[in-house]
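One structure is given here, and the rest of the page talks about it.
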Ligand SMILES: Nc1nc2c(ncn2[C@@H]2O[C@H](COP(=O)(O)OP(=O)(O)OP(=O)(O)O)[C@@H](O)[C@H]2O)c(=O)[nH]1
Ligand SMILES: [Mg+2]
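Residue numbers (our numbering), protein chains in the order written: chain A, 115 to 232; chain B, 46 to 233.
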């Protein structure tokens, strides 16, 4: 059946993840920061209620783990919805700082200074 | 512009005070997510009791410290029970390092955590939680009994005290800084 995917989307069962169990992208870690695109792209599809909730929560940058906690949903479920939002151009995702081997001294010094202030 | 995010793991055996430590230094009340256990996670440990086997989710606690406008530090309390360790691998990816928390009354419950970070060469410090603020053993004695190399800092702490937990984190960062500064650059 051609176009099955499109049709599937239209009659999508009312589940948060549309029956999928795996994110289509692996680029959401617990501390990936997501931010709603504001204003949303003009041609964006109308988000579902749970998606809208996410968009509200990430009006300011927020980590995936925080989103999951606030939504009271497993991270794995939230990530699947984030994939939808990312694909729709409704959010941006910033991956955590990656250290190829060792973190750099500037970063460490910054963390140390920051800790000194708490 | 979204801030940069880094993380540190707070690890150790069951009930040693990990969540308490996260809460002591976090600027927000510790948050919690529940993950459904995958089948893959269930065969990790065959030492479990029947009751534990029935658990279907694993909880993850974390806190946040805003370091600056453009840098946020997240603290993740790793699940204490050994059967959840399949999650540690994921958690450890990209972490700056770890704090292995020890309950001074039953240090053996954190041995496996020490092994975990040693094997993966993830930098860590050992923080001895005195429970009731009592520290019957000096740090040096604990280091010796745990057979820890001298480059692993051992600190006595109180997981309920913000300043005490902050000092533990600072010790970890100092250790990391020392690693960077004294490591000969990888030329061969
Ligand atoms: N008196 C005292 N109680 C503590 C201290 N640290 C933790 N506790 C208590 O010990 C219990 C376990 O502490 P948690 O912080 O939940 O320990 P945990 O390591 O997160 O436990 P799991 O996540 O279940 O492995 C709680 O009831 C804490 O209130 C301490 O330093 N002194
Ligand atoms: Mg805990």
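By construction, the Cβ of each residue, glycine as well, lies at the ideal position given by its N, Cα and C atoms.
Item: Beta carbon nearer than 7 Å to a non-hydrogen atom of ligand 2; Value: B:63, B:64, B:106, B:122, B:125
Item: Neighbouring residues, chain B, relative to residue 150 of chain A (Cβ below 8 Å); Value: Going along chain B, no residue has its Cβ under 8 Å from residue 150 of chain A, so there is no contact; the nearest lies around 11 Å.
Item: As assigned by DSSP and simplified to three states, the class of residue 226 of chain A; Value: helix
Item: Environment of residue 143 of chain A [buried if 16+ CB atoms lie within 10 Å]; Value: buried
Item: Status (buried if at least 16 other CB within 10 Å, exposed otherwise) for residue 165 of chain A; Value: buried
Item: Sub-8 Å separation of residue 216 of chain A and residue 224 of chain B beta-carbons; Value: yes
Item: Simplified DSSP assignment, three categories, for residue 197 of chain A; Value: helix
Item: Any non-hydrogen atom of ligand 1 closer than 7 Å to residue 61 of chain B Cβ; Value: yes
Item: Min CB distance residue 143 of chain A to chain B below 8 Å; Value: yes
Item: Heavy atom of ligand 1 within 7 Å of residue 261 of chain B beta-carbon; Value: The question about residue 261 of chain B has no answer here: the residues shown for chain B are numbered 46 through 233.
Item: Chain A within 8 Å of residue 113 of chain B, Cβ atoms only; Value: yes
Item: Three-state class that DSSP yields for residue 129 of chain B in the structure shown; Value: helix
Item: Residue range of the unbroken beta strand (DSSP E) whose run includes residue 172 of chain A; Value: First-last for residue 172 of chain A: undefined, no H or E at that position.
Item: Unbroken alpha helix (DSSP H) run spanning residue 108 of chain B, endpoints; Value: Counting along the chain, residue 108 of chain B falls outside any alpha helix (DSSP H), though it belongs to the beta strand (DSSP E) covering 102-113.
Item: beta-carbon residue 179 of chain B near ligand 1 non-hydrogen atom, thresh 7 Å; Value: no
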